[in-house]
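Numbering (my numbering), first residue to last: 1 to 497. One structure below.
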RNA sequence: GGCGCAUUCGUCCAGUGGUUAGGACGCGAGGUUCUCAACCUUGAAACAGGAGUUCAAUUCUCCUAUGCGCUACCA
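Right under this line is the structure:
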C-alpha cells in the first residue's frame, strides 16, 4: 500500500513554527517512503479562517520546498459528507440525538472553565448518563420532527478500552469510561473536528497520521469513529511539541512573530537552513551530524528516531543578539558561508533587488566581481539581510558610517584625516592594484608615518565600508578597486559627521 | 480534579545493565589577525528525587516531584 500522509493546518493566522515542523516531518516521511504528501486546509472554523492565512501557509510551504501532491483539500467543501456520515451513524444506531440545550462556554479562560466543570462533576459524573442516549428511535424522531434542536453524539461503548500503537509513543490505552459521548454534529448542523478529520482522512486514503502530541488523547475518540464507520484506522505517529523557553506553550499572543515562519524569511533566513534546523527539533538520525540537505533528510528520516519529550525553541526576547534560537542563527550562518556559491548567488540577488542595490551588470560584465565579492563577505554574515546592511558599501556609494567605527578608527587618530587622502594618492599610482602589491605599498606608507599598520588599515576600513569589522582590508581594497578606494579614502564625509 | 505523555549539560540532539556519559549551539579563557560576530585551541556545564530488581543502574520497575497535553455543540 502506498504511503499517504497529510499536513492539515487550519488557516487561522500565519504558519506557526510547530505546524511547519509537522508539515516537514510529514513531507520527509512521504518522500522517504516514496508516498504522497497531501495538503488539507482545515477551514471549518468559519469565524477565524481567512484566505489570507491560507495564502500565507501555501507561501511558507513553497518557501521551504515542501511541495505537495494532488489537489489541496478544503475541509469546508466536505461538510456535506461529514454530515452524511453522522446521519449514517445515527441511522445505524451508533450515534444518537442529544436534545440537551446547548451550553455555551466562552471567554478567554475556556480551558479553565472546562477544567472547572470537570472538577465540579467529579464523582457523580458518568460519561453515559445522558438521558437521550437510550431514547427510542421513534421518540427521538418525533422530537426531531417537532423541530426540537439536537446535536448528534457518538455512542461510546459502556465498558472496555480503546487502544492503539503509536509509532512514537508506543501502546496507548484509554478506558471508555474516560471518554464521553462526543458530539459529531452540532445542533446548527456543523460537523465537529473529530468527525471531519476522520472522514477526510478516510476519503483521502491516509495511511499514516503524523501530527502534534496535543492530539494524542483525541486519537482514541477518532478511532472510535473509525470503528463506528467500519473503517480501519490509519497508523498514528505523534510528535513532541515545540515549547517556549521555560517549557511554556509557544503562542502567538504571548510570543508574537517569533513563532511565525514569515518572520524568518523576512529576517534573511535560508529555507534550507531553517528546514535543517526544524528537522532537528524532535528528531535526529541517531548520529552526531547536524547539517543535512533536503535529500539527505529524506533519506535519513524515520519515525523511529523521533523522540518523546518536548523541545524548547530557545530565544531571549529582549536580547537582539539572541532574538531567536541561537542554533537556528548559527545554522543559517553556517549555510551562508559553506553552501555552494552558485546556490547562494540567487538568494543574494533577491535580497539586493529588494533593497534596490541590485545592478544588472552583476550578471553580466561584473559577474565575476560580484561572485568574488559575495564569496569574500559571506564569511562573516549570519543572514541574507547582512548583504544589504553590513554589505551595503560593496554595492553602493550610499552607505552609512557606524558612529563607533568612526570614533574608534578615525577620530582617535586625527592624523588620518590627512594621511588617508595621502594614501589615496599613493594608491592611485600603484601599478598593480592587487593584494600583494597593496600590502607592500601600505606597509611602506605606514613606516613613513611611523605608525602601526593596523591604524592605517582600520581607518581605511571605516572610510571604505563604514564599519569597524569586516574582511581583510587588502581584500577589501582589491574588491572595491582602485577608483572607489581612492575616492573613499579622500572623502571627508565621515570626518564631518 | 480526572486521564494521558514526558524527564541526559542553559538549549538542541547522541548513548549504554559496567563509558573519563559524547556532539552541536550558546557562554568563558587563550591564540591568530589590520578589525571582527570569522578561524584554531581550550574550559565550565547534565543522567529530577526516592525506593526496588541486580554483583552492578543514567539505562529495567514502582512511587514522588515537575512540566506538557487532553478533558468543548474549538480546531
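A virtual CB, placed ideally from N, CA and C, is assigned to each residue, including glycine.
Asked                                                                                                                            : Found
First and last residue of the uninterrupted alpha helix (DSSP H) at residue 371                                                  : 367-377
Pick from 319, 322, 321 and 375 that is closest to residue 338, judged by C-alpha positions                                      : 375
Given residue 62 as reference, the closest of 265, 349, 303 and 400 once Cα atoms are compared                                   : 265
Closest residue to residue 92 among 399, 37, 228 and 212 (Cα-Cα distance)                                                        : 228
Whole runs of the alpha helix (DSSP H) within the segment 109-145, excluding any shorter than 4 residues                         : 110-120 and 137-145
Inter-residue spacing [alpha-carbon to alpha-carbon] between residue 426 and residue 56                                          : 55 angstroms
Beta-carbon spacing of residue 203, residue 109 below 9 angstroms                                                                : no
Enclosing alpha helix (DSSP H) for residue 444 [first to last residue]                                                           : 435-448
Nonlocal neighbours in the same chain, by C-beta distance under 6 angstroms from residue 455, ignoring five residues either side : 413
Close beta carbons around residue 316, own chain, < 7 angstroms, minus the five adjacent residues each side                      : 322
Check whether residue 184 and residue 225 have beta carbons under 9 angstroms apart                                              : yes
Beta-ladder partner(s) of residue 248, from DSSP                                                                                 : 244
Closest by C-alpha distance to residue 433, when choosing among 145, 485, 351 and 40                                             : 485
Nearest-angstrom Cα separation, counted from residue 410 out to residue 251                                                      : 47 angstroms
For residue 62, three-class secondary structure by DSSP                                                                          : helix
Buried/exposed call for residue 16, threshold 16 Cβ in 10 Å                                                                      : buried
Three-state secondary structure (DSSP) of residue 17                                                                             : helix
Minimum C-alpha distance to residue 241 - residue among 256, 216 and 220                                                         : 216
Backbone CA spacing between residue 116 and residue 205 [nearest angstrom]                                                       : 39 angstroms
Opposing strand residues paired with residue 414 [DSSP bridges]                                                                  : In DSSP, residue 414 forms no bridge with anything.
Local Cβ density within 10 Å of residue 114, reported as buried at 16 or more and exposed below that                             : exposed
CA-to-CA distance, residue 474 to residue 439, given in whole angstroms                                                          : 7 angstroms
Reduced DSSP secondary structure (H/G/I, E/B, other) of residue 68                                                               : coil
Exposure label - residue 308; buried when at least 16 CB within 10 Å                                                             : exposed
Beta-carbon spacing of residue 200, residue 40 below 9 angstroms                                                                 : yes
Residue 307, DSSP secondary structure in three states                                                                            : coil
Top-ranked residue by Cα proximity to residue 388, from 356, 34 and 418                                                          : 356
Bridge partner(s) assigned by DSSP for residue 173                                                                               : 163
Delimiting residues of the alpha helix (DSSP H) encompassing residue 395                                                         : 392-395
Collapsed DSSP secondary structure at residue 191 in the structure displayed                                                     : strand
Paired residues, beta bridge with residue 236 - DSSP                                                                             : 166 and 209
Simplified DSSP state of residue 330, which is helix, strand or coil                                                             : helix
Reference residue 370, options 220, 327, 476 and 134, closest by Cα                                                              : 476
Alpha-carbon spacing of residue 45 relative to residue 84, whole angstroms                                                       : 19 angstroms
Counted within 10 angstroms of its Cβ, other Cβ atoms place residue 493 as buried (16 or more) or exposed                        : exposed
For residue 292, the three-state DSSP class (helix, strand or coil)                                                              : coil
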